[in-house]
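For the sequence shown, the working numbering assigns the number 1 to the initial residue and increments by one for each residue that follows. The beta carbon of each residue, even a glycine, is placed where N, CA and C say it ideally should be. Notes to accompany the following structure.
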Amino acid sequence: MNDSFEKLKEIFGHFPGIGPRQAERFAYFLLGRDNGYIEELKALLSTLKKDVIQCSECMRYFAKKNNIALCSICSDPNRNTEVLMLVAKDNDLITVEKSGAFSGRYFVLGGLIPILEKVVEKRIRLFQLKNLIERNIQIKEVILALSATHEGENTGDIVEKAIKEINSTIKVSRLGRGLSTGLEIEYSDSDTIKEALNNKK
Ligand SMILES: [Zn+2]
Numbered sequence: 001m002n003d004s005f006e007k008l009k010e011i012f013g014h015f016p017g018i019g020p021r022q023a024e025r026f027a028y029f030l031l032g033r034d035n036g037y038i039e040e041l042k043a044l045l046s047t048l049k050k051d052v053i054q055c056s057e058c059m060r061y062f063a064k065k066n067n068i069a070l071c072s073i074c075s076d077p078n079r080n081t082e083v084l085m086l087v088a089k090d091n092d093l094i095t096v097e098k099s100g101a102f103s104g105r106y107f108v109l110g111g112l113i114p115i116l117e118k119v120v121e122k123r124i125r126l127f128q129l130k131n132l133i134e135r136n137i138q139i140k141e142v143i144l145a146l147s148a149t150h151e152g153e154n155t156g157d158i159v160e161k162a163i164k165e166i167n168s169t170i171k172v173s174r175l176g177r178g179l180s181t182g183l184e185i186e187y188s189d190s191d192t193i194k195e196a197l198n199n200k201k
């Protein structure tokens, strides 16, 4: 196969949760599409970064409107600014938001930290988080809504330590510890999220 096919396979292989076999399937799938499909995909890819920007507070991505740097949640005056929920990725935020069970604000870490990782800043937005905590002195509680895995626990420990170093009076609680089964935020239904929020420890 030619270079562009191989290169595309490599790029798909970097997508979250995609292995080399699936990456190859994606590349073959595109080969089988007509030119119109490819053109539409090209156009979408080239405008993606222009139409979507990152919120300067919570770091989530949102559709750009009138050059406002804050997303609809961070700019909503009715949200509780004393409670901050930390999630690993944008999808987790969307799931919690859909449940309607949380009225505070969020921060998207951008990933989780594997147990042996030494350079944690490479994995999560720790610098931006510390900055946010320092700027928002009204924050009284931080809820860690991370998956109930070793990576989730490890990330929680590191983040909790960093928060306490800035302000030891902030209460740090964890979602899902009260649940019998492991929690994957993104795939949880609204009732599970509500229960997890009621059982945070
Ligand atoms: Zn935001």
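Setting aside the 5 residues that flank it on each side, Gln138 is surrounded in the same chain by Thr81, Glu82, each with a C-beta closer than 7 angstroms to its C-beta; the list follows chain order.
For Asn154, the uninterrupted alpha helix (DSSP H) segment begins and ends at 150-166. Around the beta carbon of Leu84, 16 or more other beta carbons lie within 10 angstroms, which makes this residue buried.
Following the DSSP letters along the chain, one finds Tyr61 inside the beta strand (DSSP E) bounded by residues 61-63. CA-to-CA, the gap between Lys42 and Asp34 works out to about 13 angstroms. Nearest C-alpha to Lys118 among Lys130, Lys98, Ile158, Ser46: Ile158. In the displayed model, Val83 falls within a strand according to three-state DSSP. Separation of the CB atoms of Ile170 and Val142 is rounded to 6 angstroms, and the pair is thereby assigned contact status at 8 angstroms.
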